[in-house]
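Here the first sequence is numbered in this note's numbering, starting from 3 and rising by one per residue.
Here the structure comes first, spelled out in structure tokens, and everything after it is commentary.
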Amino acid sequence: MLNLYDTATRTVRPLAMRDLGTVSLYVCGPTVYGPPHIGHGRSTLMYDILRRYLESTGLTVRHVSNITDIEDKIIERAAREGREWQEITAENEALWWQAMDAMGVLRPTDTPHATDYVEGMVELIGDLIDRDAAYVTDDGIYMSVKTVADYGLLTHQRLEDMLTGGGDREVFGAENKRDPADFALWKFTKPGEPSWSSRWGDGRPGWHSECVVMSLALLGEHFDLHTGGQDLKFPHHENERAQAVALGKGFANHWMHHAFVVDAEGEKMSKSLGNFTTLLDLVDTMDPRSYRLLLLQSHYRSPVSVNADTVGAAERALAGLDTFARRAAAAGVANVAADPTLVASFRDRMDDDLDTANAMALVFDAARRGNAAVDDGDLALASVLAASVHELCGAVGLVLKLADEVPADVLAKAAALDAARAAKDFATADQVRAELQADGWLVETTKSGTTVRR
RNA sequence: GGCGACGUGGCCGAAUGGUUAGGCAGCGGCCUGCAAAGCCGUCCAACCGGGUUCGAUUCCCGGCGUCGCCUCCA
């Protein structure tokens with residue numbers, strides 16, 4: 003049973019399942035106005051880890067993650083570049099999936115697009131107006147947050163405190179709103195903008211209405227877990243919830259929020275701060291698995307620095323796990339079951355609010371003992387530990403590399419190196435090895451012969 | 001101003017009221033023709049000041065500092 007910190011109650015508590023054996027999960031997905039960045043990577047990797055872990059314990063996960071394909075930023079960019087907004091969203095959604103695939107992130111079971119649910123949003127807004135929880139103004143339709151008794155559940159702040167905050171911030175739409183905290187459910191169309199019809203006038207939905215409609219449409223009321231970055235707590239999640247509550251509908255039973263990616267100086271990574279890096283850059287220049295491992299070695303509620311140093315360290319750690327997998331395979335390990343005690347310990351750590359760092363420490367320890375078993379020729383022990391390492395890594399989505407494809411000419415050089423060694427012609431052997439290394443191969447010379455890999 | 005998170009060894013980063021996190025890097029050794037890989041060993045630690053306690057990195061108070069949210073944002 004997974005125990006998970008719940009933002010609403012501020013406690014670690016068991017993740018209850020509405021339908022026994024199936025976890026209903028809603029992950030707030032990207033607004034596709036630009037290429038995915040490093041922060042999106044943490045989000046998707048984190049929930050992919052969660053999903054895979056739950057599945058590894060035998061549960062089914064209904065994993066819904068939306069694509070927000072209508073939003074102010076998309077419209078702004080289309081106008082700025084003189085392009086159709088659909089072109090922008092199609093292009094960036096393609097980049098999104100390209101990055102997800104490269105990182106080994108499983109496709110969600112459902113990926114609703116906001117534009118396919120506008121009818122449901124119009125209906126929801128109508129219901130809110132009927133219940134006097136929303137009102138129509140000149141520029142749009144607004145949600146009246148004062149009608150929601152426990153508004154602020156996720157923020158843990160009183161409405162008045164939220165409003166006085168931020169110093170001299172301008173209140174958007176102040177002239178139309180009844181209360182500064184009210185938020186837009188529907189924005190009436192301006193010339194040249196995409197729009198849908200409604201009985202109050204053509205327009206487009208507000209961001210917060212999109213997610214509440216999609217999550218309820220696909221997962222139903224009282225779904226198990228709603229997730230996202232810490233910045234989504236407020237206003238996004240608070241406002242999603244406010245709409246559901248105002249309609250008398252049961253919403254998420256558990257709220258999970260992960261911390262940000264920070265740069266080397268500890269500042270949040272974002273486009274506006276200029277320390278932004280796209281996920282595609284990372285995936286192209288590093289082993290994408292190393293980002294996953296870096297996150298696994300941290301806690302999801304702590305900020306994590308993602309830069310060449312930290313990802314590089316994870317990459318080298320991963321190389322160690324790969325090496326064990328390769329050595330074990332070369333030693334001829336049998337296909338046996340994982341060590342049940344080790345699996346139990348691993349799950350114990352994971353079930354404690356996803357203590358992935360200590361769970362992975364168990365994996366590294368198993369790999370070390372496995373290497374020692376290979377050295378000692380203890381094939382039985384090596385087999386169990388290799389199976390365990392593969393299984394536990396798989397439970398969090400890490401697939402270990404067994405062997406690289408090696409071209410024939412490289413294999414020939416490796417053979418030549420062995421021949422030179424056998425003849426004790428070490429000058430030639432060193433020269434061949436230098437040539438291989440110059441071509442980027444890692445050369446390992448052992449008693450049983452030379453192996454090369456990338 | 002409100003709410004919150006956090007300050008751990010050269011770096012990243014966990015748990016924990018008393019006992020080895022783990023990874024990366026370094027050092028010594030074994031192995032090797034020499035390396036590499038692997039194994040064994042090993043150095044380096046808790047922002048500052050009080051308090052509670054037999055004992056605090058861990059709890060409490062006060063500083064100092066960093067970061068996040070307070071209607072763009074993973």
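We put the beta carbon where it would ideally sit given N, CA and C, even for glycine.
Predicted, not measured: the structure shown is a model, and the values here were computed from it.
Residue closest to residue i, alpha-carbon to alpha-carbon, out of the options
i, options, result
"ALA410", "PRO207, ARG349 and THR453", "THR453"
"ALA319", "ASP50, GLY41, ALA369 and ASP283", "ALA369"
"GLY23", "LEU4, ASP8 and ALA382", "LEU4"
"ASP132", "GLU223, ALA80, TRP202 and VAL335", "TRP202"
"ARG349", "VAL308, VAL386, PRO32 and ALA397", "ALA397"
"LEU387", "ARG328, ALA315 and ASP74", "ARG328"
"ALA310", "PHE326, GLY60 and THR279", "THR279"
"ASN373", "ALA359, VAL335 and ARG351", "VAL335"
"ARG12", "HIS259, THR46, PRO290 and THR447", "HIS259"
"PRO37", "GLY252, GLU93 and GLY142", "GLU93"
"ARG444", "ALA361, LEU413, PHE225 and GLY379", "It is Leu, not Arg, that sits at residue 444 in the sequence shown. Taking only the C-alpha atoms, the option nearest LEU444 is LEU413."
CB contact flag (residue i, residue j, <8 angstroms)
i, j, result
"SER217", "HIS228", "yes"
"ILE69", "TYR35", "no"
"ASP286", "LYS403", "no"
"GLY208", "LYS189", "yes"
"LEU340", "SER390", "The identity of residue 340 in the sequence shown is Ala, whereas the question assumes Leu. Yes; because the gap between Cβ atoms is below 8 angstroms, this pair is in contact."
"GLY122", "ALA18", "no"
"ALA116", "TYR144", "no"
"LEU297", "VAL306", "yes"
"THR33", "ILE76", "yes"
"LEU295", "HIS42", "no"
Alpha-carbon spacing of residue i relative to residue j, whole angstroms
i, j, result
"LYS426", "ALA418", "12 angstroms"
"LEU156", "ASP233", "11 angstroms"
"GLN88", "HIS39", "21 angstroms"
"ALA416", "ALA405", "15 angstroms"
"ALA81", "GLY231", "28 angstroms"
"LEU249", "PRO342", "47 angstroms"
"VAL29", "ALA384", "39 angstroms"
"GLY31", "GLY399", "20 angstroms"
"ASP367", "LEU344", "10 angstroms"
"LEU438", "VAL107", "34 angstroms"
"SER67", "ASP112", "6 angstroms"
"ARG456", "ASP441", "10 angstroms"
"ALA246", "ARG109", "27 angstroms"
"THR448", "ALA375", "17 angstroms"
As assigned by DSSP and simplified to three states, the class of residue i
i, result
"SER385", "helix"
"ALA319", "helix"
"ASP21", "strand"
"PRO193", "coil"
"VAL14", "strand"
"ALA136", "strand"
"THR111", "coil"
"ASP354", "strand"
"SER45", "helix"
"LEU344", "helix"
"LEU126", "helix"
"ARG328", "helix"
"PHE185", "strand"
"VAL401", "coil"
Endpoints, alpha helix (DSSP H) assigned at residue i
i, result
"ASP411", "410-424"
"LEU444", "From DSSP, LEU444 is part of no alpha helix (DSSP H) but of the beta strand (DSSP E) over 444-448."
"THR452", "Looking at the DSSP string, THR452 is not in any alpha helix (DSSP H); the run it does join, the beta strand (DSSP E), is 451-455."
"ASP103", "87-104"
"THR287", "281-287"
"LEU298", "290-298"
"THR430", "428-440"
"ARG79", "74-83"
"ARG243", "240-248"
Endpoints, the beta strand (DSSP E) within which residue i is located
i, result
"ILE143", "142-145"
"TYR7", "5-8"
"TRP257", "257-260"
"VAL66", "62-67"
"HIS1", "Coverage of the chain is limited to positions 3 through 456, which leaves residue 1 absent and any answer about it impossible."
"PRO38", "Premise fails: PRO38 is in no beta strand (DSSP E) and is neither H nor E."
"GLY205", "205-207"
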